[in-house]
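Quick notes on the structure that follows.
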Amino acid sequence: MDLEEGIKRINGTILVEIQGFFTERYINLCRINNVKIWNIQNISGGIIRFNIAIKDFKKLKSITKKTKCKVKILGKKGIYFKCFKYRKRRIVILLLASFIFLCFLSNSFIWKVHVTGNEYLKESDIIESLKESGVYVGRSKIGLKTKKVINNLRVLQPDISWVGIDIEGTNVIVNVVEKTKLKENININGIGDIVSNKCGIIQKITVENGTAIPSVGDYIEEGRILIEGKIYSNTLETKDVCAKGIVTIKSDYEFKKQYSYKVQEKEYTGKTKYSIGFTLNDKENYINYLDKSLTYDIIKKDSKIELFGNTISFDLYKFNLYNNTEKLITKEDILQIAQDESNIYIQNEILPGCRNGYIEYIDVVVEDENEEGLTVKIIYHIIEEIGQFKERI
620 MDLEEGIKRI
630 NGTILVEIQG
640 FFTERYINLC
650 RINNVKIWNI
660 QNISGGIIRF
670 NIAIKDFKKL
680 KSITKKTKCK
690 VKILGKKGIY
700 FKCFKYRKRR
710 IVILLLASFI
720 FLCFLSNSFI
730 WKVHVTGNEY
740 LKESDIIESL
750 KESGVYVGRS
760 KIGLKTKKVI
770 NNLRVLQPDI
780 SWVGIDIEGT
790 NVIVNVVEKT
800 KLKENINING
810 IGDIVSNKCG
820 IIQKITVENG
830 TAIPSVGDYI
840 EEGRILIEGK
850 IYSNTLETKD
860 VCAKGIVTIK
870 SDYEFKKQYS
880 YKVQEKEYTG
890 KTKYSIGFTL
900 NDKENYINYL
910 DKSLTYDIIK
920 KDSKIELFGN
930 TISFDLYKFN
940 LYNNTEKLIT
950 KEDILQIAQD
960 ESNIYIQNEI
970 LPGCRNGYIE
980 YIDVVVEDEN
990 EEGLTVKIIY
1000 HIIEEIGQFK
1010 ERI
């Protein structure tokens, strides 16, 4: 017996006995009509026994009529029959329904808020701002609008440049990217310079205290002094100060990838299978009865609860069967795919690390074009603020 039949047994199976002169024909008709039976036993001449799923039992009516056999039910197993047996015990059913309802109800609330990515901002301050924005322990997840929460949090915490909110079961994980701060000495009179922490072309220099070294249009390397912590005068002595100011540069970020004109495309057959499982502390377990020679798309729906410090998830799996087919795409298709992929890369990987950064323009370059494919290079020209305070020893 395979795992698929095991699932049927859990749902409900019947042990059937057939009596008649045409038992072999009876079995053949079951196979022709796609009625799945297993554990077939030949008891004696004209008597056989087998197991059948509850959903297929009604299909035996027409087969029994054709073969003029007699059907007898010898046994019933499965959750369906257990529930039917206790259908009159209302208290048990009520308690079970209440337990299931409470599990789903508790799963609809936030029980833990976790903040990641913060370095100089206090987690307690961020959590307090999240509370004012509508995210706190005990709040229902229903109707929670993450975009509104993100906007409110950035207003309350201006030192945050980017926020991402992930809801995993009863946990809310808040990922933050802080704005780059000049590492100024605690002493306001600390002496030091502002140095470059990135490469690029100077676009603008606004000096609050100190002297600008490069000029607009200069290309600067990482580590070069941008604003020197000194004030020069023709009449007075040179004065050492704490350099302050804003430096804006144009920097280039490159996305490069090779593409082929031949791509694999999924062609769905329309056949689906289902399975159940559970996840305990990120360890996934489910009944796998799939044919390893075939390919499936897996769609998972889960319901998580917190129990004694452990996260338990009850999962429902849907497997969509598909075949891989080869498809030819055009150069225009490749350029569009490269544009979409590069935008995701820039938005998720580059811009969160740029202080007040924005894209000025992009260049698209096609390289190594041949009969099999081509390489696409996309250069993003980004305007951003740079500068890191370095104390002079």
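Residues in the sequence shown are numbered from 620 upward in steps of one, following this note's numbering.
Note that beta-carbon positions come from the ideal geometry of N, C-alpha and C, so glycine has one too.
{"query": "Sufficient close CB pairs (3 or more, under 8 Å) joining the region 986-1002 to the region 961-976", "result": "yes"}
{"query": "Bridge partners - residue 589, DSSP secondary structure assignment", "result": "Given that the chain is displayed from residue 620 to residue 1012, the structure contains no residue 589 and the question cannot be resolved."}
{"query": "Buried versus exposed call for residue 724 [16 or more other C-beta atoms within 10 Å across all chains shown]", "result": "exposed"}
{"query": "Assigned secondary structure, residue 995 (DSSP; H/G/I helix, E/B strand, else coil)", "result": "strand"}
{"query": "Contact belief for residue 733 with residue 790 at Cβ below 8 Å, rounded distance in angstroms", "result": "6 Å"}
{"query": "Residue closest to residue 1009, alpha-carbon to alpha-carbon, out of 697, 811, 687 and 666", "result": "811"}
{"query": "Burial state of residue 983 (16 or more Cβ within 10 Å)", "result": "exposed"}
{"query": "Touching by the beta-carbon criterion (3+ pairs, under 8 Å), the region 878-888 and the region 896-908", "result": "no"}
{"query": "Spatial distance of residue 696 from residue 714 (CA atoms)", "result": "23 Å"}
{"query": "Identity of the residues DSSP links to residue 940 by a beta bridge", "result": "915"}
{"query": "Cα-Cα separation, residue 986 to residue 993", "result": "6 Å"}
{"query": "Buried or exposed by the 16-neighbour rule on C-beta atoms within 10 Å, applied to residue 980", "result": "exposed"}
{"query": "Cβ shell of residue 991 (< 8 Å), same chain only, five flanking positions each side left out", "result": "879, 880 and 881"}
{"query": "Neighbour-count burial assignment, residue 754, 16 or more Cβ in a 10 Å radius", "result": "buried"}
{"query": "Buried/exposed call for residue 824, threshold 16 Cβ in 10 Å", "result": "buried"}
{"query": "Residue range of the unbroken beta strand (DSSP E) whose run includes residue 954", "result": "Per DSSP, residue 954 belongs to no beta strand (DSSP E); it is in the alpha helix (DSSP H), 950-964."}
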